[in-house]
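Worksheet: one structure, shown below.
Number of protein chains: 2
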Amino acid sequence: MKKIAPPAAAPLKVAYHHGDLRRSLLDAALGLVASHGVQGFTLREAARAANVSHNAPYRHFPTRTHLLIELAIEGQGHLLSALRVAVARTADHRERIVRLGIAYMEYAVAHTAHFRVMFSSDVALNRTADLTDAQNATFQFFEQEIRASEQAGLIRKNAVQEHALAGWSALHGAAMLVLDGVLDETAVAARRKPREIARLVIESLLTGILNPPKN
Amino acid sequence: MKKIAPPAAAPLKVAYHHGDLRRSLLDAALGLVASHGVQGFTLREAARAANVSHNAPYRHFPTRTHLLIELAIEGQGHLLSALRVAVARTADHRERIVRLGIAYMEYAVAHTAHFRVMFSSDVALNRTADLTDAQNATFQFFEQEIRASEQAGLIRKNAVQEHALAGWSALHGAAMLVLDGVLDETAVAARRKPREIARLVIESLLTGILNPPKN
DNA sequence: ACCCCAAAGTTGACACTGTCAACATTATTT
DNA sequence: AAATAATGTTGACAGTGTCAACTTTGGGGT
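Chains as they are written, first to last, in our numbering: chain B, 1 to 215; chain H, 216 to 430.
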């Protein structure tokens with residue numbers, strides 16, 4: 001069954017080495033997650049999509065989960081970039097915070113596959129130091145933004161970390177609930193676009209829900 | 216291999232009919248999720264834990280995912296009960312809201328398996344009408360609580376749904392981030408117990424993070 | 001008291017998966 | 001040009017979800 005003399009490369013080149021299999025596998029995986037969910041993603045199917053044998057992925061990732069972790073790290077990077085871009089041309093601190101929130105939500109809905117992988121429990125339970133670093137970077141970006149607002153006198157003093165935590169939680173929770181469709185039948189959220197939901201959540205957090213104390 | 220005359224039930228009864236296999240499977244599944252994660256849960260292993268053949272589960276659940284959905288619905292019920300209990304003996308509206316938040320978080324960490332199943336993407340993507348109802352019930356409980364606070368004059372008017380949404384998002388996000396260990400290395404959250412994190416988030420949301428406007 | 005049937009459980013098979021081990025080919029370094 | 005590391009391939013194995021066909025059992029109508 002040996003092939004004899006394929007002198008010039010056929011239109012369908014079947015090179016032994018792939019070129020950038022690692023990248024191809026990540027891309028294929030992302031697509032599969034998008035269409036079949038994280039659980040539905042399969043190493044073998046990714047290999048097929050890359051025209052490669054079912055064991056080739058193991059030269060690039062020690063395990064299925066590690067491929068996902070790699071995707072998660074990548075996603076964190078993209079998210080952080082998106083957040084940076086979202087506030088790049090805005091000076092007003094309040095507006096910056098609102099934009100940050102909206103950008104978080106928009107990333108979640110525009111890059112659902114990445115986002116789902118980033119926070120899938122499978123990945124979370126096998127977190128790698130690199131992933132932790134990437135996640136911490138995102139939190140620190142929030143923190144830094146809040147700190148700037150504090151120094152500008154926009155927000156309360158001495159609670160930067162707490163406010164950053166509350167902010168991230170609110171955003172993250174809203175994004176999760178939206179992605180999971182949990183809000184689809186609620187009166188508030190059903191007819192609103194994700195970005196409006198994000199704005200709403202952020203506004204609530206900024207001004208608070210209590211009546212202002214009357215002194 | 217016929218057993219002859221087992222007059223009184225032997226200690227190891229090996230009846231053909233199980234009695235309450237459905238319940239046993241749900242319990243086994245919960246344990247498996249707790250130890251191996253949602254992805255690690257296996258129908259066949261649950262069947263083994265219940266001393267039953269690998270196909271017996273199919274007499275009670277059409278599919279692996281449906282078993283998980285059943286667990287999710289069950290969990291939503293427990294959560295709602297826990298929330299009710301948490302505020303049962305508290306009259307002060309502000310305190311009620313704080314307790315609600317803490318209860319949500321505590322449920323998440325005390326019943327991690329249930330919680331993870333409830334919001335696993337596998338379940339979310341195959342949501343059933345019953346599950347949707349159960350989730351809506353939880354949201355409505357939040358809403359109702361906020362409405363009561365509004366009528367008592369505690370919180371701003373005309374934004375009950377928005378505030379309920381913001382509250383749920385913040386709580387849910389905080390719970391998720393805690394469960395996923397995303398906060399483990401952050402200065403704010405690393406040394407705090409989950410309930411303190413929840414309190415902190417709720418307090419931020421109640422009073423807001425902006426400086427009070429000086430008129 | 002019987003028959004019969006639907007519910008509940010079982011066995012066996014299938015295609016598919018993640019992963020391991022052994023082998024083949026290519027690229028790189030010396 | 002030879003040795004070696006990197007990259008792919010084939011084959012095998014145990015384990016999975018699910019389908020189909022069979023068996024056992026408990027309860028209701030006659």
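The C-beta atom is built at its ideal place from N, Cα and C for all residues, glycine as well. None of the values given here were measured: they were computed from a predicted structure.
A402 (chain H) classed as buried or exposed, judged by whether at least 16 other C-beta atoms fall within 10 angstroms: exposed
Closer than 8 angstroms to chain H by CB, M105 (chain B): no
Three-way DSSP call (helix, strand, coil) for I97 (chain B) in this model: helix
Within chain B, the residues that H387 (chain H) reaches when beta carbons sit closer than 7 angstroms: G173, M176 and L177
Buried or exposed by the 16-neighbour rule on C-beta atoms within 10 Å, applied to A180 (chain B): A small fix is needed here, since residue 180 (chain B) is Asp in this sequence, not Ala. Looking at its Cβ environment, which holds 16 or more other Cβ atoms inside 10 Å, D180 (chain B) is buried.
Meets three-Cβ-pair contact criterion under 8 angstroms: the segment 45-53 of chain B and the segment 25-34 of chain B: yes
C-alpha distance - E418 (chain H) paired with H66 (chain B), whole-angstrom precision: 38 angstroms
Closer than 8 angstroms to chain B by CB, T257 (chain H): no
First through last residue of the alpha helix (DSSP H) which encompasses I249 (chain B): Since the first residue shown for chain B is 1 and the last is 215, residue 249 (chain B) is missing from the structure and cannot be characterised.
CA-to-CA distance, Q376 (chain H) to L297 (chain H), given in whole angstroms: The sequence as given places Ala at residue 297 (chain H); Leu does not occur at that position. Going from the Cα of A297 (chain H) to the Cα of Q376 (chain H) covers about 22 angstroms.
Chain H contact for A190 (chain B) (CB, 8 angstroms cutoff): no
Per-residue contacts from L425 (chain H) into chain B (C-beta, under 8 angstroms): R94, L154, I155, R156, L206, T207 and G208
At least three beta-carbon pairs within less than 8 angstroms, the segment 88-107 of chain B to the segment 157-174 of chain B: yes
Identity of the residue in B:R191, B:L68 and B:R192 nearest N126 (chain B) by Cα: B:L68
Inter-residue spacing [alpha-carbon to alpha-carbon] between L210 (chain B) and A137 (chain B): 32 angstroms
Whole runs of the alpha helix (DSSP H) within the segment 44-98 of chain B, excluding any shorter than 4 residues: 64-87
Beta-carbon proximity check, I312 (chain H) vs L421 (chain H), cutoff 8 angstroms: yes
Buried versus exposed, by CB contacts within 10 Å (16 or more), S364 (chain H): buried
Given Q190 (chain H) as reference, the closest of H:M333, H:H378, H:E360 and H:Q359 once Cα atoms are compared: Residue 190 (chain H) lies beyond the stretch modelled for chain H, which goes from 216 to 430, so this question has no answer here.
Proximal residues, the segment 54-82 of chain B versus chain H, C-beta separation under 8 angstroms: none
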